[in-house]
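S.K.: One structure is given below, represented as structure tokens, and several questions about it will come after.
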Amino acid sequence: MARPKRRYVCTECGSVATRWQGQCGDCSQWNTLVEDAPETKFAARHDLSSGGRSFAFETLDEPTRPLDRRSTGIREFDRALGGGLVPGSAILMGGEPGIGKSTLLLQASAAIAGAGGDAVYVSGEEATGQIRMRAARLGLSKAPLKLAAATSVRDILTTLGQGGPPDLLIVDSIQTMHSDQIEGAPGTVSQVRASAFELIRYAKETGCALVLVGHVTKDGNIAGPRVLEHMVDTVMSFEGERSHQYRILRSLKNRFGAVDEIGVFAMEGHGLDEVANPSSLFLSGREEPIPGAAVFPALEGTRPVLVEIQALIVRLQSGATPRRAVVGWDSGRLAMLLAVLESRCGLNFSTAEVYLNVAGGYRLADPAADLAVAAALVSALADRPLPGGSVWFGETALSGEVRPVSHASLRQKEAAKLGFSVACGPADAGGDVEGMRYRDVAIITALVDRVMASA
Ligand code: TYD
Ligand code: MG
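The sequence shown runs 3 to 457 under this note's numbering.
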């Protein structure tokens, strides 16, 4: 019999190669290919069209029961999940180390246990003593949570199999789990995949909701193969800057709900607090306008969040390559916007360093941010502040046109509520929002005129 072929899997993108190479052919990452279990070979005559069990097809309009979701006891968490935990579902929660994943999940599982649910928290990272200390700090010591430090999937499933299945099982983290079905150390692609597979199967069979914590790599992907993201029902990411207080829980994939809702938290000395009204969190609170700062009314799902965008332009004397540094926004998008400003408005950024920062550790994903970023850049370049009390929104096309964006009036209403008086955005987006004057910026050159006119 021929020897089964070796396979190599990329830990970044999950693509499969038949021989090892230094760089993944699909995602171009270096040193990410690792050997995987060999592919099973079937005989050439293997025929799958008989010998199986046949099944009946169903129609789309058969009555189904609505999902009975279970509240996590934390409203912002429920909101990000699309309304609570779905029994039998598997959730992968990623986030940088120290961002607060374990804290959030300990709070949620203790809340479920406190409300009469059966919640299990298994940690492969911390000793039970450490978790107890955290629980004491969070004031949760009395919650009837079942706590364990374990890394063997067999041990975990054996233990759970002796009682009834819990309502919620938290596994912190999947990279520390080990399945004896597969060789290799915990954290390797095949171990992560096999352990997740067993745990997810348990969740599906018993109806217990499963939350797997996943480490993220430097560039923000969940470590281990992308495959893990395909295996679970929901992928969430817990984001924020460790040096800032605010944290955002975002769902990136959700088989049971929309992915556009976020949960907002503040990390306090006694754990994570919910922030029910986040719209003003990311503003600087400064009275006097300064050059290079623009306020953007962002939308997260149905929630408006006002954020300040800050730009700094430093002219270079020497011919060195100027730096472009971005925190909280897409650097490719910044390059595009700079190119549009250069070619459509005749501005010159090529001999200047450009720094862009979104205040408060917020990460902007809303495409409507283009105009606010452009306004901050032009204001910084001209060294003139934008008109006081103004907010900016609109998507910029390569032609320099400013395109309409979703929910323009919702953005303006929230800005008006927080005391802003002028909204600048695409043509035809101005509604009659009380207390708010609307200024058309149909084309990016109009922005430059407006900034130059203010002073
Ligand atoms: P943790 O939940 O351990 O993060 P993760 O599991 O994502 O790695 O959070 C650790 C950080 O949170 C730690 O740096 C201290 C901080 N923290 C607080 O500020 N207040 C608290 O009440 C707790 C429990 C943690
Ligand atoms: Mg942790």
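Where is the CB? At the ideal position from N, CA and C, for every residue including glycine. Owing to the predicted nature of the structure, the values given are computational and were not obtained by experimental measurement.
Note the first and the last residue of the continuous beta strand (DSSP E) segment covering residue 241.
M.R.: Secondary structure note for residue 241: its beta strand (DSSP E) is the uninterrupted segment 236-241.
S.K.: Can you tell me which residues fall inside 6 Å of ligand 2, judged by beta-carbon distance to its nearest heavy atom, and keep chain order?
M.R.: 103, 104, 127 and 174
S.K.: The alpha helix (DSSP H) with residue 1 in it runs from where to where?
M.R.: The chain is shown from 3 up to 457; residue 1 falls before or after that span and cannot be answered.
S.K.: With burial defined as no fewer than 16 other Cβ atoms inside 10 Å of the residue's Cβ, what is the status of residue 58: buried or exposed?
M.R.: exposed
S.K.: Determine whether the beta carbon atoms of residue 448 and residue 438 lie at a separation below 7 Å.
M.R.: no
S.K.: Going by other Cβ atoms of all chains shown within 10 Å of its Cβ, with 16 needed for buried, is residue 393 buried or exposed?
M.R.: buried
S.K.: Distance, Cα to Cα, residue 422 vs residue 361?
M.R.: 18 Å
S.K.: Cutting at 7 Å between CB atoms, please list the residues of its own chain near residue 368, excluding the five before and the five after it.
M.R.: 300 and 301
S.K.: In whole angstroms, what is the alpha-carbon distance linking residue 253 and residue 176?
M.R.: 18 Å
S.K.: Label residue 135 either buried or exposed according to how many other C-beta atoms from any shown protein chain fall within 10 Å of its C-beta, with 16 as the threshold for buried.
M.R.: exposed
S.K.: Can you tell me the Cα-Cα spacing of residue 117 and residue 191, whole angstroms?
M.R.: 37 Å
S.K.: Would the beta-carbon of residue 188 be found less than 6 Å away from any heavy atom of ligand 1?
M.R.: For ligand 1, not one heavy atom lies less than 6 Å from the Cβ of residue 188.
S.K.: Measuring CB to CB, does residue 216 end up less than 7 Å from residue 179?
M.R.: no
S.K.: Beta carbon of residue 142, beta carbon of residue 112: below 7 Å?
M.R.: yes
S.K.: Do you know how far the Cα of residue 233 is from the Cα of residue 273?
M.R.: 30 Å
S.K.: What residues are listed by DSSP as bridge partners for residue 29?
M.R.: Answer is none; residue 29 lacks a bridge partner.
S.K.: Should residue 18 be labelled buried (16 or more other beta-carbon atoms within 10 Å of its own) or exposed?
M.R.: exposed
S.K.: Skipping 5 residues on each side, what residues in its chain have a beta carbon closer than 7 Å to that of residue 314?
M.R.: 294, 357 and 382
S.K.: If we define contact as Cβ-Cβ less than 7 Å, is residue 383 a contact residue for chain D?
M.R.: Given the protein chain composition of this structure (a single chain), no chain D is represented.
S.K.: Could you check which residue in 150, 264 and 154 has the C-alpha nearest to that of residue 86?
M.R.: 264
S.K.: Should residue 480 and residue 328 be called a contact, given that it needs their Cβ atoms to be closer than 7 Å?
M.R.: Residue 480 is absent from the structure shown; the chain starts at 3 and stops at 457.
S.K.: Along the alpha helix (DSSP H) that carries residue 96, what are the first and last residues, could you check?
M.R.: Here residue 96 belongs to no alpha helix (DSSP H); instead the beta strand (DSSP E) covers 92-97.
S.K.: Any heavy atom of ligand 1 closer than 6 Å to the beta-carbon of residue 136?
M.R.: yes
S.K.: Taking 8 Å as the cut-off, does the region 145-152 touch the region 191-208 (at least 3 CB pairs, one atom from each stretch)?
M.R.: no
S.K.: Using the beta-carbon count (16 or more within 10 Å), is residue 23 buried or exposed?
M.R.: exposed
S.K.: Ignore the nearest five residues each way along the sequence and tell me which others in residue 420's own chain have a CB closer than 8 Å to its CB.
M.R.: Hits under 8 Å: 281, 282, 285 and 308.
S.K.: With respect to the alpha helix (DSSP H) encompassing residue 380, which residues constitute its N-terminal and C-terminal limits?
M.R.: Going by DSSP, residue 380 is part of the alpha helix (DSSP H) stretching over 372-384.
S.K.: Give, in chain order, every unbroken run of the beta strand (DSSP E) that is at least 3 residues long and sits entirely within the region 100-142.
M.R.: 121-125
S.K.: Tell me the DSSP secondary structure of residue 427 in three-state form.
M.R.: Residue state, collapsed to three classes: strand.
S.K.: I need the boundaries of the alpha helix (DSSP H) containing residue 156, first residue and last residue.
M.R.: Secondary structure note for residue 156: its alpha helix (DSSP H) is the uninterrupted segment 155-164.
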